[in-house]
Amino acid sequence: MYNIKINKYLKQGSLALGLILASLSFAGCGGSSSSSNTTVNKTFRVTYTNVSNNQPMSPLAVVVHKAGYQLFQAGQAASLGLEKLAEGGSNAELLAEASQHADYIASQVGTGIVPPSASETIEIMTMGDTTDLKLSVTSMLVNTNDAFAGVSSGKIALLAKGERFAMHVPVWDAGTEANTEATGTLPGPADGGEGFNASRTGDADFVAIHQGVVTNADGLSTSVLNESHRFDNPVALISVERLK
Amino acid sequence: MKTIKNNSQKTILSIMSSTVLTLPLILLSSASYAQKVTVKVQNLTHGSHFTPLLIAAHKGSAHLFKSGEAASTSLQAMAEGGDISGLVTDLSAESASLVQNPAGGLLAPGHSATTSVINTDGTDNNYLSIVAMVLPSNDGFVGVNSWHIPSAAGTYMIPALAYDAGTEANDELLGLTDAGAPGNAGAPGAPSGSGGTGGTGAASADNNKTVHIHRGVLGDTNASGGASDFDSRVHRWLNPVARVTITVAE
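First to last, the protein sequences are chains A and B.
Following the working numbering, the numbering of the first sequence begins with 59 at its first residue and continues without gaps.
Following the working numbering, the numbering of the second sequence begins with 49 at its first residue and continues without gaps.
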């Protein structure tokens, strides 16, 4: 761990030096207020709103990174950290994985569950090379087997200071646990059952857009969910504003 | 006072530099002060009608609705019964540019309605919002919230989502007395047909009582009983429920 951190610091330092030289060579042109190729420290304010009816969402994981890191990819197997988040709502392992990646820049966690209708606002700072900045945000829908709301590698590099944009966040299926909706398999208040289980048997083992929950109101008599737990996309809204 | 003076100086400087550097940009930006916008809304659903649409160009501080916030009484009247008059009053007080009911009644599945030209000349009405109730539903509505109208001429396409006003239980019952009045239970009608009777009620009150994304119709296949009076084969939808095409004229 310690070595990785030192290497990372050195790498950022050398990149930063190169960029400072580059920006010096532009000095004197004047008027160029927003080159995207800078070492300016940036601060982003991320506001996440749960717009589902009855799916509380687990504490947020917010990661700022460069293009080489992917929190998740459609069609690819979930990392162990993502599996733990999507099945049990824990973001610790996912953020530990992220922090070890060469393209990791910074992360923040939410303060707790984000209930339906609630919003959480998180500020995240970046340092060093801010070219090609990406934002990834994810959270489990806790009344499901392995569903998470998330955005992977949202583009924030070109956001100018004071600018803001909004994203619709869909529901993904981690593909790591069969969607039985059965008693004892969902960690949320609808059930209080099991969270993470290392087995991926019985599911696709790749990330896909979630097909929605069936519930006991629509023919799955063994489902612990009722009609109130159903959802359509998007289930969350994210607004990103660059403060600094 | 000092701050104001500094600001005005900055403004003057920026105008000067743009005058010197970029004549074409000035022409573009002056065009943005006399914007002429038309809006087309197409109902993308299979079996759901929209009540008369309200299409508004308004300033950034005005809103018809916000996700995660309680519906206004005017929004509730629109979402539960299709009545846009309260929202028209609210937005008129904000000097918005409005088009009411471009379809001349209900907008059927697959059909489109196009506004007359909305001229925002001399106003700050640079944001577009759209609402209409979805039928059949208890308090579902199709909505666009504060889409920033570009100053550049062109044709833009955006999806519109189905929201739940959060003000009424989605019981999916038809034929209840005065069901479209705010606060009254039941859905006011199923214009596409296939509506049933005798349902016991598909849902109790929403868990999320603010404006949120609609979880969709449940329905069932029992026309004279079951939980819902809606038909699950006809009245379900998925987002997006409408496509909005905005044309900004030169």
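Glycine included, each C-beta is placed from N, C-alpha and C at the ideal position.
For A/Gln166, the beta-bridge partners assigned by DSSP are A/Val120. Between the beta-carbon of A/Asp290 and that of B/Asn287 there is about 5 Å, and that keeps the pair under the 8 Å contact cut. When C-alpha distances from B/Ser280 are compared across B/Asn256, B/Gly243 and B/Thr248, the shortest belongs to B/Gly243.
Close partners of A/Phe289 in chain B (Cβ separation under 7 Å): Arg263. In the displayed model, B/Thr137 falls within a helix according to three-state DSSP.
By the rule that beta-carbons nearer than 8 Å mark a contact, B/Asp254 touches chain A. Contacts with chain B at 8 Å (Cβ-Cβ) include A/Pro174.
A/Lys142 sits in a helix when the DSSP states are folded into three classes. Put simply, the stretch 182-189 of chain A does not touch the stretch 262-275 of chain A. Fewer than three CB pairs are less than 8 Å apart. Contacts with chain B at 8 Å (Cβ-Cβ) include A/Glu285.
For a cut-off of 8 Å, the C-beta gap from B/Pro100 to B/Gly130 is around 7 Å, short enough to register as a contact. Taking B/Ile261 as reference, the option from B/Leu154, B/Asn193, B/Asp172 and B/Ile132 with the minimal CA-CA separation is B/Asn193.
Nearest CB-CB separation between B/Asp279 and chain A: not below the 8 Å threshold. As a beta-bridge residue in DSSP terms, B/His260 pairs with B/Asp212. The secondary-structure analysis by DSSP pairs A/Lys100 across a beta bridge with A/Thr184.
For the C-beta of A/Val109, the chain B residues within less than 7 Å are, from N- to C-terminus, Ser115, Gly116, His260 and Ile261. Counted as a single uninterrupted DSSP element, the stretch harbouring A/Glu155 is not any beta strand (DSSP E) but the alpha helix (DSSP H) occupying residues Ala150 to Ser157.
Membership of A/Glu299 in the beta strand (DSSP E) is indicated by the continuous run Ala294 to Arg300. Fully enclosed beta strand (DSSP E) runs of no fewer than 3 residues occupy 160-162 and 175-183 of the stretch 147-188 of chain B, in order along the chain. For A/Leu193, there is no enclosing alpha helix (DSSP H); the enclosing beta strand (DSSP E) covers residues Lys192 to Met198. Between A/Val227 and A/Ala207, the C-beta spacing is below 8 Å. The count of Cβ pairs closer than 8 Å, one atom from the stretch 234-246 of chain A and one from the stretch 142-162 of chain A, reaches three, so the stretches are in contact.
Under the DSSP assignment, B/Leu123 falls outside any beta strand (DSSP E), being part of the alpha helix (DSSP H) whose first and last residues are Thr121 to Gly129. At a beta-carbon threshold of 8 Å, the residues of chain B lying near A/Val293 are Ile261, ordered along the chain.
Among the residues of chain A, those whose CB is under 9 Å from the CB of B/Ala275 are Ala275 and Glu285, following chain order.
Those residues of the stretch 157-186 of chain A placed with their C-beta closer than 9 Å to a C-beta in chain B are Pro173, Pro174, Ser175, Ala176 and Ser177, ordered along the chain. For A/Arg222, the enclosing beta strand (DSSP E) starts and ends at Arg222 to Val227. Our two residues, A/Thr188 and A/Ala164, have alpha carbons roughly 11 Å apart in a direct line. When secondary structure is reduced to three states using DSSP, A/Ala160 falls in the coil class, being assigned neither helix nor strand. A/Glu285 carries a helical assignment under DSSP once its states are collapsed to helix, strand and coil.
For A/Asp249, the secondary structure class from DSSP, reduced to helix, strand or coil, is coil. B/Gly95 is positioned such that its CB atom lies no closer than 8 Å to that of B/Ser185. Each residue's CA atom was taken as its position, placing B/Val190 and B/Asn255 some 20 Å apart. Using a 10 angstroms sphere on the CB of A/Leu216, the tally of other CB atoms stays under 16, which defines it as exposed.
Segment contact: the stretch 189-199 of chain A against the stretch 103-111 of chain A, three or more CB-CB distances shorter than 8 Å; contact assigned. In terms of CA proximity to B/Thr168, B/Ala105 leads the group B/Gly246, B/Ala253, B/Ala105 and B/His196.
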